[in-house]
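Enquirer: Residue numbers 1421 to 1745, in the working numbering, belong to the letters of the sequence shown in order.
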Amino acid sequence: MRRSMASTLSAPPDPLGRRLAAFRQESRVRAGSLIISLFGDAVLPRGGRIWLGSLIRLLQPLGVSERLVRTSVYRLAKDEWLQAESRGRRADYLLTDSGRQRFEEAARLIYAARAPRWDRRWRFVLVVGELPAREREALRRALFWHGFGMLGSDCFVHPGADLQAVFDDLVVEGLGPRLGCLMPMLAQESGAGGAADAAALVRRAWNLEELAAAYAGFVAAYEPIRAQLEAGAGDGPGDEVAFLLRLLLIHDYRRLLLRDPGLPDVLLPPAWPGRQARSLCRDLYRRLLAPSERHLENRMRLADGSVPAAVDLAARFADEGEAGG
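#1: Quick one: is L1464 buried, meaning 16 or more other Cβ sit within 10 Å of its Cβ, or exposed?
#2: According to the Cβ coordinates, are P1693 and Y1635 closer than 7 Å?
#3: With DSSP as the reference, label Y1531 as helix, strand or coil.
#4: Measuring only the C-alpha atoms, how far is A1641 from M1603?
#5: Just grab the DSSP bridge partners of G1569 for me.
#6: Between Y1705 and the rest of its own chain, which residues show a CB-CB distance below 8 Å, the 5 nearest in sequence each way excluded?
#7: In terms of DSSP beta bridges, what is F1544 paired with?
#8: Determine, using beta-carbon pairs with one atom in the segment 1514-1534 and one in the segment 1549-1558, whether at least three such pairs fall under 8 Å.
#9: Among F1544, F1459, A1691, which has the Cα closest to the Cα of Q1503?
#10: Identify every residue that forms a DSSP beta bridge with A1504.
#11: Hey, how far is the Cα of R1507 from the Cα of G1725?
#12: According to DSSP, what are the bridge partners of W1471?
#13: By how many angstroms is the C-alpha of F1568 removed from the C-alpha of L1559?
#14: If you pair each beta-carbon of the segment 1695-1703 with each one of the segment 1476-1487, do three or more pairs fall below 8 Å?
#15: How is R1450 classed by DSSP in three states: helix, strand or coil?
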């Protein structure tokens, strides 16, 4: 059973408590996805490994059972995200090389202070050869992961993707033998009078309405929590509560970014809710960082009983001026 702490009869009156209770009461949770969020946000900065027992204890207050953690970790290892390393009768779980690379790539998006800048050039991947239906679908999924939109069944577009990195990933996805069917291109608007503009291309290639609604939902869930923390007296939430909220905050935000094509600000609508979501996530994360790090210092352990070394995470969400001190 997942709901070891999910028997709450009524929702807590405060927004923070309601968010934690809502997660505990979810009928189904993708524990593997939550563990990925925990590894990327808290474990990777502390060396990228954690004792399985410590992982179980960190997630238990969210109602995630020991059995579900063990099953999810096993699946992540099978999918080559994690690998086990025995220490006597105990085992650490650590990131594989490919898992670490994927985490580091995601971190650049999650903790960015702003949307990427644009060089005003478009990246295209054109299908110029015959692709079987299965491989065409694999191509679509792989390019969607990189944020590409579609202008037609044979034309994929993005304003800032690294085309070489994209093609390298297509090889990893097993599409190497089909690269000869694909043509990468860079293009720039000619500025011809009366022609369609970039906004028209964006509307054609991406469905931003659904993503905007999802970002608005994120803001609706977490803005009351920020207001609660701003209005609260004393030292704020306890260390464990701060850690749990930080984990859910990043987990929810990361899942939104998986759907976000990563368009530059100049290509987004003026009132794009993703900007507010980024600012909100940044502010809450900074408020929660110190107490949540204390919790990790007290509870996170390796299989040999040692405490993983902490690192300064103040640069997360920092712009260039802040990062430079």
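Using N, Cα and C, we set each Cβ at its ideal position, and we do this for glycine too.
Expert: In terms of the structure at hand:
#1: Burial call: buried.
#2: It is a contact, given that the beta carbons lie within the stated cut-off.
#3: In the structure shown, Y1531 sits in coil (DSSP, three-state: anything other than H, G, I, E or B).
#4: Near 43 Å, if we compare the C-alpha coordinates of M1603 and A1641.
#5: G1569 is bridged to V1577.
#6: Same-chain partners within the cutoff: R1666, L1669, I1670, R1736, F1737.
#7: According to DSSP, residue pairing for F1544 in a beta bridge involves V1577, M1605.
#8: Touching, no, given that fewer than three Cβ pairs across the two stretches are closer than 8 Å.
#9: For the options F1544, F1459, A1691, the alpha carbon positioned closest to that of Q1503 is the one of F1459.
#10: For A1504, DSSP records a beta bridge to Y1513.
#11: So the alpha carbons of these two residues sit roughly 10 Å apart.
#12: Answer by DSSP bridge pairing, in chain order: D1512.
#13: Answer to the nearest angstrom: the Cα atoms are 11 Å apart.
#14: The segment 1695-1703 makes no contact with the segment 1476-1487; the number of CB pairs closer than 8 Å stays below 3.
#15: Three-state DSSP puts R1450 in coil, outside helix and strand.
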